[in-house]
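Chains as they are written, first to last, in this note's numbering: chain A, 14 to 366; chain B, -1 to 253. Idealized CB from N, CA, C, for every residue including glycine. All figures in this text were calculated on a predicted structure; none of them were measured in a lab.
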């Protein structure tokens, strides 16, 4: 049963299974285990980034295509929901219409870019995606009449998904059962569904062809696979996944702007999460995103503690200055790539190299 | 009128000023095993590349059962029945032996765009792949990652993938190169079996004369990109042009 849900792709390592179960339970019961607005926000971000990173892994890890346009698709989904909510008014219909429209636009964009540029060398595709993504980011920040420009768009989501809506008079286990909680579970189950779909896709006959193309495109073609269609297909699925994750993110934030979805920084973050977790595994996305988002949100706190604890010593407090958290994140990244070149998942599965 | 299974007409490719394949016209009927010989640099592999589509010709045509295919991409030619095993081992290195063969059979079964079933649930494809592995004596290595396989076994897998593709036109490029003396017969026997099928033809680039003598129905000789001899093995091997172009040179260089 479980095997079927996971599409036969078991973690294949006891420690990995344990880590995944811990992450799953931690996120499933996050509102009860880690009460507070900030921790709930972190948990929601983890859910969304797991889905986003997994969709990127389909492209980078499974098909061997480097794309820099993943945030563009993320943004298309997010702006879809925002624009629909602004123009159609607050409501579930706006959220659904926005998500579907975002996914459709993402699919069309991915198909066009893919068919034009995936025929030739992969490096050309990387350059094209970089150019298109940059152009779209500039476009979105300039067309302020439609997109709100640099300020972005604030919008309202249905009352049923906000803390104003109370479902039970009394808190359960100290947690208020309100619309905000419901909204969190929309993020959780939305991301879970995306992950299960990706697991199925990578273990389908189609997914195996993607791996074959990554391994040896020359041979994949010689045995009869038209690789440009497979690459474009992978690119479309990945783009739609990113767009849906973007829609979820916009619903969670009730805001969309260039910095939250389209920025190149997020693109780099996605790359780091895939590499840290382990490319070509999907589970790597789960682990990479969890580690990274937690580090992003709590490394500074940890450093405050470390700086205080070492305040009487020379130099150390300076090194642990919370403003230097990015430096530490960088060091963590370098170390993880050095010691786990196949990512955390590759390491736990005990793969060679 | 019936067309030969495979034919090339004035097939030519130039790289800059160099004519690598020079107007080769040749017909390969079904049921025949043709050995293609010639010294290194004669254009044998380039001729293969033109037929299977890795290179587009400068002029001339390639026809499968009378249909022009010389402008089609590689994958479309594979669909038309052209199957190729490569001289330099050309596999999916980080996948298992089984998965390499399974991918070929899946391609043949046109299941590549099946997105939402599990690959492992396709029982027929799985069984067919296992059958091919059994035929080439690789079933014991089924779950080994290809890059960890000894060179001889990789060569065997290369042949297995071509057999799994079940093409109309089999193209082998030095199939036994780098194999040990006790491994080569397994592969040669498989190639010999293909000769029994009167609907297919086999093209074999080979240096080893004993292999050619036992297998080939016919020999064509390439030299400097041109076809210089074509006929049954005993006639071709004794002709003076071959002695001069091929044997003379082969004696001159050390393998």
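Not flagged as an interface residue toward chain B: residue 138(A), since no C-beta distance is shorter than 8 Å. As the crow flies, the alpha-carbon of residue 247(A) is around 14 Å from that of residue 82(A). With fewer than three CB-CB distances shorter than 8 Å, the segment 252 to 262 of chain A does not count as touching the segment 129 to 148 of chain A. For residue 308(A), the three-state secondary structure derived from DSSP is helix. Considering only 215(A), 70(A), 72(A) and 231(A), the residue with the shortest C-alpha distance to residue 117(B) is 215(A). Unbroken beta strand (DSSP E) runs of no fewer than 3 residues, entirely contained in the segment 20 to 44 of chain A, are not found. Across the set 315(A), 168(A) and 235(A), the C-alpha of 235(A) shows the shortest separation from the C-alpha of residue 82(B). By the neighbour-count criterion, in which 16 or more other beta carbons inside 10 Å mark a residue as buried, residue 15(B) falls on the exposed side. Cβ neighbours of residue 58(A) within its own chain (closer than 6 Å, five residues either side excluded): 306.
Following the DSSP letters along the chain, one finds residue 68(B) in no beta strand (DSSP E), marked with neither H nor E. The Cβ atoms of residue 190(A) and residue 180(A) sit closer than 8 Å to each other.
Here residue 243(A) is not near residue 68(A), since their CB atoms are 8 Å or more apart. Proximity of chain B to residue 243(A) at the Cβ level (cut-off 9 Å) is accounted for by 110 and 111, in chain order. Straight across, the Cα-Cα distance linking residue 261(A) with residue 19(B) is about 59 Å. When 8 Å is used as the limit between beta carbons, residue 20(A) is near these residues of chain B: 116, in chain order. For residue 75(A), there is no enclosing beta strand (DSSP E), as DSSP marks it with neither H nor E.
Residue 169(B) is bridged by DSSP to 82(B) and 201(B). With a cutoff of 8 Å on beta-carbon distance, residue 2(B) and residue 25(B) are scored as near each other. Ranking 330(A), 295(A) and 313(A) by CA distance to the CA of residue 29(A) puts 295(A) first.
In the same chain as residue 213(A), and ignoring 5 residues on each side of it, the C-beta atoms closer than 7 Å to its own belong to 20, in chain order. Secondary structure note for residue 22(B): its beta strand (DSSP E) is the uninterrupted segment 16 to 26. Excluding residues up to 5 positions away in sequence, 50, 51 and 67 lie with their Cβ nearer than 7 Å to the Cβ of residue 75(B) in the same chain. Non-local beta-carbon contacts of residue 301(A) in its own chain, meaning distances under 8 Å to residues more than five positions away in sequence, involve 66, 285, 286, 287, 288, 289, 290, 291, 356 and 357 in chain order. Taking the Cα positions, residue 101(B) is about 22 Å away from residue 198(B).
Residue 120(B) counts as buried, since at least 16 other C-beta atoms from the protein chains shown sit within 10 angstroms of its C-beta. Neighbours of residue 82(B) in chain A, taken as residues at a C-beta separation under 8 Å, are given in chain order as 235.
In this structure, residue 91(A) lies away from residue 323(A), with their beta-carbon atoms at least 8 Å apart. In chain order, 107, 110 and 111 place their CB closer than 6 Å to the CB of residue 97(A), counting only its own chain and leaving out the 5 sequence neighbours on each side.
Around the beta carbon of residue 224(A), 16 or more other beta carbons lie within 10 angstroms, which makes this residue buried.
Proximity of the segment 197 to 206 of chain A to the segment 121 to 133 of chain A falls short of the contact definition, fewer than three beta-carbon pairs being nearer than 8 Å. Shortest Cα-Cα distance from residue 220(B) to any of 151(B), 77(B) and 42(B) involves 42(B). Secondary structure of residue 132(A) (DSSP, three-state): coil. Cβ-Cβ distances below 6 Å link residue 200(B) to 31, 168 and 192 in the same chain, with the five nearest sequence neighbours on each side left out; the list follows chain order.
Going by beta carbons, residue 258(A) and residue 64(A) fall inside the 8 Å limit.
Per DSSP, residue 61(A) is one residue of the alpha helix (DSSP H) stretching across 50 to 70. Contact between residue 240(A) and residue 226(A) holds: CB atoms are separated by about 5 Å, below the 8 Å threshold.
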